[in-house]
Amino acid sequence: MSNDAHFEPRIVGFFCNWCSYRAADLAGTARIKHATSVRIIRAMCSGRIDPMFVLKAFALGADGVMIAGCHPGDCHYLEQNYKTMRRYALLKYTLAELGIEEDRLRLVWASAAEGPQLAQAIDHFVEWVRQLGPLRWSRNWEERQREKAIEQIAHEHAEALEVPV
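Basically our numbering = 1-based index in the sequence shown + 6.
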């Protein structure tokens, strides 16, 4: 956890066109203040958000990613938000395997009329990521690669000396 009070997290938000993007628009037109560090990308449906988009956002420097869509059962594309839930679970697992705290990914449901609730969810997520601190994924990746290289060298030398590892 970071104690840096001046850290402003970079958050990427993938929002469904029909519900959550319109909720964000409602929050804006109603002049409801929320954290400005979220960069919103409109998708036609939360079910159309490829997991690679999320991974690329982290790879390009995002400290957190928020996915927002229609409430389950209210999807304009029938059952795509159930697909989103399954992908979300797999993405959290994948992030943990890649050394990224799974709490840096958040899934939110918001109807078009829930602008204040979405603004509050954005604020809570930004504060949560602020508590986690900067991601620094590339630095973590380099450390893991170094550890793997050391393990490989140790294994090769053990084989050459016929020592059990």
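Built from N, CA and C at the ideal position, the CB exists for glycine as well.
Keep in mind that this is a model prediction, so the values were computed, not measured.
Open item on the list: For the pair the region 47 to 65 and the region 152 to 160, tell me if three or more CB-CB distances fall below 8 angstroms.
Closed with: no
Task: Rounded separation between residue 111 and residue 90 - CA only - done: Residue mapping note: residue 111 aligns to position 105 of the sequence shown, counting from 1. Residue mapping note: residue 90 aligns to position 84 of the sequence shown, counting from 1. So the two alpha carbons sit approximately 13 angstroms from each other.
Task: Close beta carbons around residue 109, own chain, < 7 angstroms, minus the five adjacent residues each side - done: The residue given as residue 109 occupies position 103 in the sequence shown. 134, 138.
- [ ] Quick one: using the 10 Å Cβ neighbour count with 16 as the cut-off for buried, is residue 15 buried or exposed?
- [x] The residue you call residue 15 lines up with position 9 of the sequence shown. Result: buried.
Open item on the list: For residue 8, count the other beta carbons within 10 Å of its own beta carbon; 16 or more makes it buried, fewer makes it exposed. Which is it?
Closed with: For the purposes of this step, residue 8 is identified with residue 2 of the sequence shown, where counting begins at 1. Annotation note: pLDDT 49 at residue 8 (below 50); position unreliable, coordinate value reported separately. Residue 8 should be labelled exposed.
- [ ] Any chance you could list the alpha helix (DSSP H) runs of at least 4 consecutive residues sitting entirely within the region 29 to 116, in chain order?
- [x] 57 to 65, 86 to 103
Task: Beta-ladder partner(s) of residue 22, from DSSP - done: In the sequence shown, residue 22 corresponds to position 16, counting from 1. Answer is 49, bridged to residue 22.
Open item on the list: Rounding to the nearest angstrom, what Cα-Cα distance links residue 115 and residue 162 in this structure?
Closed with: Along the sequence shown, read from residue 1 onward, the residue named residue 115 stands at position 109. Along the sequence shown, read from residue 1 onward, the residue named residue 162 stands at position 156. So the two alpha carbons sit approximately 51 angstroms from each other.
Task: Selection from 55, 43, 17, 99 that minimises the alpha carbon distance to residue 23 - done: Counting from one through the sequence shown, the residue named residue 23 turns up at place 17. Closest option to residue 23, Cα to Cα, is 55.
Open item on the list: Give me the DSSP bridge partner(s) of residue 17.
Closed with: As a working mapping, residue 17 is identified with position 11 in the sequence shown. For residue 17, which the question treats as bridged, DSSP gives the partners 44, 70.
- [ ] Locate the alpha helix (DSSP H) running through residue 119, then write down its first and last residues.
- [x] Against the sequence shown, residue 119 aligns to sequence position 113. Neither: residue 119 is in no alpha helix (DSSP H) and is coded neither H nor E.
Task: Cut-off 8 angstroms between Cβ atoms - residues of its own chain near residue 39, not counting five sequence neighbours on either side - done: Looking up residue 39 in the sequence shown gives position 33. Hits under 8 angstroms: 125.
Open item on the list: Given this structure, state the Cα-to-Cα distance separating residue 82 from residue 153, to the nearest angstrom.
Closed with: Position 76 of the sequence shown, counted from the start, is the residue given in the question as residue 82. Position 147 of the sequence shown, counted from the start, is the residue given in the question as residue 153. Approximately 47 angstroms, taken between the alpha carbons.
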